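Asks:
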Amino acid sequence: MQDNFLDKYREIGRRIAFYRNKRGISQEALGEKINYSKSYISKIEAPKSDVPYSLDVLFAIAAGLELDPAIFLLPINEEDFEKYRMDK
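Going by my numbering, 1425 is the number at position 68 of the sequence shown; the sequence numbering is gapless.
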């Protein structure tokens, strides 16, 4: 993975962790819901992660959290959480 993209993956991972916690869902529960292991979710969310993942994974995580995937590309924001929820 190119170093200039590594920071982007890490930032998206941080956003995934934030919104997963906001939903009150554990890594294990999210993993079970979308058929990925807890350790894979953990690696994606880790601050020093170097695990690249596909758009398929990102879309699966978004679906598991009932969020529009676009939210992971925006800075963390409470207003956006409400705007991008898909369960209301």
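Built from N, CA and C at the ideal position, the CB exists for glycine as well.
As the structure is a computational prediction, the values presented were derived from the model and not from experiment.
Consult DSSP for residue 1430 and reduce its assignment to one of helix, strand or coil.
Replies: Residue 1430 sits at position 73 when you count from the first residue of the sequence shown. Helix at residue 1430.
Asks: Residues bridged to residue 1377 by DSSP?
Replies: By one-based count along the sequence shown, residue 1377 stands at place 20. Partner(s): none; residue 1377 has no beta bridge.
Asks: Sort 1399, 1402 and 1372 by Cα distance to residue 1431 and report the nearest one.
Replies: Translated into the one-based positions of the sequence shown, residue 1431 becomes position 74. Proximity to residue 1431 across 1399, 1402 and 1372 peaks at 1372, based on C-alpha coordinates.
Asks: Pop quiz: residue 1395 and residue 1402 are said to be a contact at Cβ under 8 Å. What is the actual Cβ separation, rounded to whole angstroms?
Replies: Along the sequence shown, one-based indexing puts residue 1395 at 38. Along the sequence shown, one-based indexing puts residue 1402 at 45. 11 Å between Cβ atoms; not a contact.
Asks: Please name the residue or residues paired with residue 1371 in a DSSP beta bridge.
Replies: To locate residue 1371, count along the sequence shown from 1; it is residue 14. Residue 1371 pairs with nothing; no bridge assigned.
Asks: Tell me whether residue 1419 is buried or exposed, calling it buried when 16 or more other Cβ atoms sit within 10 Å of its Cβ.
Replies: Working through the sequence shown from its first residue, we reach residue 1419 at position 62. Its Cβ being crowded by 16 or more others within 10 Å, residue 1419 is buried.
Asks: Under a Cβ-count criterion, where at least 16 other Cβ atoms within 10 Å of its own Cβ denotes burial, should residue 1422 be classed as buried or exposed?
Replies: Within the sequence shown, numbered from 1, the residue matching residue 1422 stands at position 65. Burial call: buried.
Asks: The alpha helix (DSSP H) that contains residue 1405, what's its start and end?
Replies: The residue given as residue 1405 occupies position 48 in the sequence shown. Premise fails: residue 1405 is in no alpha helix (DSSP H) and is neither H nor E.
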